[in-house]
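Following: one structure in structure tokens, then a few remarks.
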Amino acid sequence: MKPAALTWAISSSLPSLRKSERKVAEFILANLTDVIRMRIVDLAEKAEVSEPTVVRFCRAVGCDGFQDFKLALAQQLASSPSYGQIAVTDQDSVAEYTFKVFDSTVDTLLKVRDSLDLNMLDQAVQALCVANRVEFYGFGASAAVATDAQHKFFRLQVSAAAYADPHLQNMSAASMAPGDVVIAISQSGRTTTLINAMERVKGRGAIVIAIAPSDSPVANAANIPLTIDVKEDFQIYTPLSSRIAHLVLIDVLAIGVAQHKGGRLQEHLLEMQLGLEVLREPLENH
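So the mapping is simple: our numbering equals the position in the sequence shown, first residue as 1, plus 181.
What follows is the structure, encoded as structure tokens:
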């Protein structure tokens, strides 16, 4: 098992674990940094279970035994020192899980920033700057990111659209031409219908930019892959941090395009802002 996947494996396995094994999992998630210094007898005592239960738990999350589990946990904490303070448990108070969600998001954004391939990012911005039209494809939570992207690029005087329906995506793909760009957004990187639409876009001579996990089918199918790898403790509820990372990357692309467009775009955005004022309630004088 990859170390970065361990706490995710623990969290995702909670519903399927036996009651005694779940006690081990919950104790570990609440005491990650302490567990790597414990003996198996110590963990069993703290979690109020037997030593064989600890071994069964370790095997249930993909490790060969307790020592293998501790090694994987130590490697994860070494690569992500804040993870021990971020993992969410069912016993967290409102304050605890609120801070953990924010901390996890900040931690994720810093890791994504530091791992971005800036050469690929520059290629993506250059392609967007000369595109005749830009369209965004995404399903599920990625559909919301695609809609947000369409709104941002529309403001930049770019002909933009967003599609979350597979039929519309394929119709869009069939109408693409050289000079057009599609940004395909996927948190899993494995959506077959999205990959099919991407291949159709490339077949029309247009460029496909992917925002997806590295080495995933979606990333591999793109002309310009922008890879984001996020392992988060609360994906069992919803992919929180990865969605935020995708939104921020869209902001980066939009800023890159805005920078290239320069002064004329600033005048346009100012006019747009003034035009929106008539739709708002005036500020009261105090």
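Don't be surprised by glycine CBs; every beta carbon is placed ideally from N, CA and C.
The structure displayed is predicted, hence computed values, not measured ones.
Three-state secondary structure assigned by DSSP to residue i
i	result
Ala-343	strand
Ala-391	strand
Leu-297	coil
Ser-193	helix
Leu-291	helix
Ile-405	strand
Ser-274	coil
Phe-415	Bear in mind that a pLDDT of 47 at Phe-415, under 50, signals an unreliable position, so the model cannot answer this.
Gly-246	coil
Contact belief for residue i with residue j at Cβ below 8 Å, rounded distance in angstroms
i	j	result
Ala-241	Thr-234	Wrong, their Cβ atoms sit about 10 Å apart, outside the cutoff.
Ala-312	Gly-386	Not quite, the Cβ-Cβ distance comes to about 13 Å (not below 8 Å), so this is no contact.
Leu-299	Ala-435	Contact flag wrong, Cβ pair sits at about 17 Å.
Val-362	Ile-390	6 Å
Burial state of residue i (16 or more Cβ within 10 Å)
i	result
Pro-196	exposed
Thr-281	Note that residue 281 is Lys in the sequence shown, not Thr. Buried, since its Cβ has 16 or more Cβ neighbours within 10 Å.
Phe-208	buried
Ile-364	buried
Lys-200	exposed
Ala-276	exposed
Val-222	exposed
Leu-457	exposed
Thr-408	buried
Asp-329	buried
Ser-340	exposed
Thr-279	exposed
| query | Do three or more CB pairs link the segment 283-294 to the segment 418-435 at distances below 8 Å? | reply | Yes, they touch.
| request: Go through the segment 316-372 residue by residue and report every complete run of the alpha helix (DSSP H) that reaches 4 residues or more, in order. | output: 322-336 and 347-355
| message | I want to know whether the segment 339-354 touches the segment 374-388 - three or more CB-CB distances under 8 Å. | response | Taking a cut-off of 8 Å for Cβ pairs, the segment 339-354 and the segment 374-388 touch, as three or more such pairs fall below it.
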